[in-house]
Structure formats: C-alpha cells, structure tokens
Amino acid sequence: MQSGFIRDDSSVNQLIDFVHTIYRNGDKGQITRAIFLDFSKAFDRVWLRGLLHKLEMKGIGGSLLSWFQSYVSDSEIITVIIGSLSSLKKVNRGVPQGSVPDPLLFLVFIDDIGESLNSCTRLFADDTVIHHSDSDIHDLTAHLNNDLLKMHQWSAEWQLPVNEKKCESMTFSYNLTPPPLVINNISLNQVKKRKHLGIFLTSKLDWLVHQQHVLNKCKVIKYDKNM
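So that you can map any letter, position 46 of the sequence shown is 46 in UniProt numbering, and since no number is skipped, the others follow by simple counting.
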C-alpha cells in the first residue's frame, strides 16, 4: 500500500489506517508487531537496468521506453574541489530528483516490494513498514521472520540494500518481551518508541511522547518570539 506521491493520499491517511488496524486487532485479542525498514539513500541506489525492466513489465515499450532509458541512463557527473575538476563519471544508479517523472519512476521500482509477503506492507515513498497481528506471539514472530527472509531476497534480487542496523521493530503490547526478528542474520533493534511519518508512536499507543514533543516545540517557538 503506497501513499507517497499519490494524489488525494497522504501520510495522515496512512497513519490513521495503521493505528486503527492495531486498535481493531487488539480488540480481537491480537498482538501487532511492526517492522520499520531502512533503505539508505534509496533514491540514489535504484538499479537502472532493473527499473527499465519493471517499466517494460508494466507495458511501457517502444519510443516511450527509449525515452525513459535515455532519461535515466545518459547522465554524467563531475566533481570540483578547490578549482580542480575530476574526470566525467557515468551515473549507473539512482533516479534523478527534482523533475516531474522522478517520483513515479521510484514508485514503479519499489511497487512490488510486498507482493511476495503475507504481512501488510505500507509505504510512503521509501518509508516502509511491515506489520502483522496474531494472538500467539511465537506464531506472529515466525510469520514475520519468514517475510523478512523474503524481503532480504527481494532486496538482493533488485539490488536495493536494506540497512539492517537501522531497521527497528515495535511490539504494540503493554508488558511483553517478544522473540527476536531477524533479517540477513541480524536481529532487529526492538524499540518502545519511534518517530514515523512525523508522529511519535509508542508500544502502548498512549501518545504521551508525541504530546511532549509538540509541547517542547511550542515552548521553543514562544521563546523565540519573546527574544
């Protein structure tokens, strides 16, 4: 479910639906675990040959595909340091940024990220969350670890590396120490709070952390105005 760069969609819509899902499943006696994935510099690491293949798989061909190929492939960079110029270097990764087609190209590349997963996948541009709910914490963990294996395979196939050390997991429950979640043989950091799409979420969904964050910002604004 992608909400980034989509007309009439927003981070607010995604957050409301995400939190509502956690509450709804909690009312049914289910625990929700969420995984916040980190693709470091995702826009700059898009595999261009893979992107062109995905465009073709979506039915884009002929002169339009040739135009996209020229658009993403015929770029070169040069570095200037204290008046000295490097040689030209061809850019073979990353989508351009700043033009109208650029967000669309990234969405095409990442669009199938959740197709092989059995958990819910939520995306806002490159912010990716995988979550699932179950009444049994061990079944829930096994389910998510299986999806993390598939995610690692997707990452390797499409050459978009996951930064495992920056990925985090959160279990929405009061007093529960869950089994570890693992990707590429690395256990994810289990956190009690995390800022996601501008909002601080906590494992208890109590909003106290976010309220304090907003209050502190208001105090700073008031102080600056009084200076």
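Using N, Cα and C, we set each Cβ at its ideal position, and we do this for glycine too.
Item	Value
With DSSP as the reference, please indicate the residues paired to A34 in a beta bridge.	H131, M170
Check for me: the beta strand (DSSP E) holding I82 runs from which residue to which?	No beta strand (DSSP E) contains I82, which DSSP labels as neither H nor E.
Buried or exposed: H213, going by 16 or more other Cβ atoms within 10 Å of its Cβ?	exposed
Could you confirm whether any beta carbon from chain D is found closer than 8 Å to the beta carbon of I31?	Annotation note: the requested chain D is absent from the structure, which comprises a single protein chain.
Go ahead and label E164 buried or exposed: buried means 16 or more other beta carbons lie within 10 angstroms of its beta carbon, across all protein chains shown.	buried
By a C-beta neighbour count over all protein chains shown, 10 Å radius and 16 as the cutoff for buried, is L208 buried or exposed?	exposed
Under 8 Å: do the region 161-178 and the region 25-40 share three or more Cβ pairs, one atom per stretch?	yes
Which whole-angstrom value describes the C-beta separation of L51 and F109, a residue pair presumed to lie in contact below a C-beta threshold of 8 Å?	5 Å
For A42, tell me which candidate among F106, I81, D111, P179 has the shortest Cα-Cα distance.	F106
Which residue comes first and which comes last in the beta strand (DSSP E) that contains F200?	199-202
Can you grab the Cα-Cα spacing for the pair I81 / L88, in whole Å?	14 Å
Are the region 67-80 and the region 124-136 touching, with three or more C-beta to C-beta distances below 8 Å?	no
Just list the residues that DSSP pairs F124 with in beta bridges.	D127
Are there three or more Cβ pairs, one per stretch, closer than 8 Å when the region 188-202 is compared with the region 151-160?	no
Could you tell me which residues DSSP puts in a beta bridge with Q190?	S169
Is it the case that the region 44-60 contacts the region 173-189, given that we only count it when at least three CB pairs across the two stretches are under 8 Å?	no
Could you pull out every residue in the same chain whose Cβ sits closer than 8 Å to the Cβ of K219, ignoring the five residues on either side in sequence?	none
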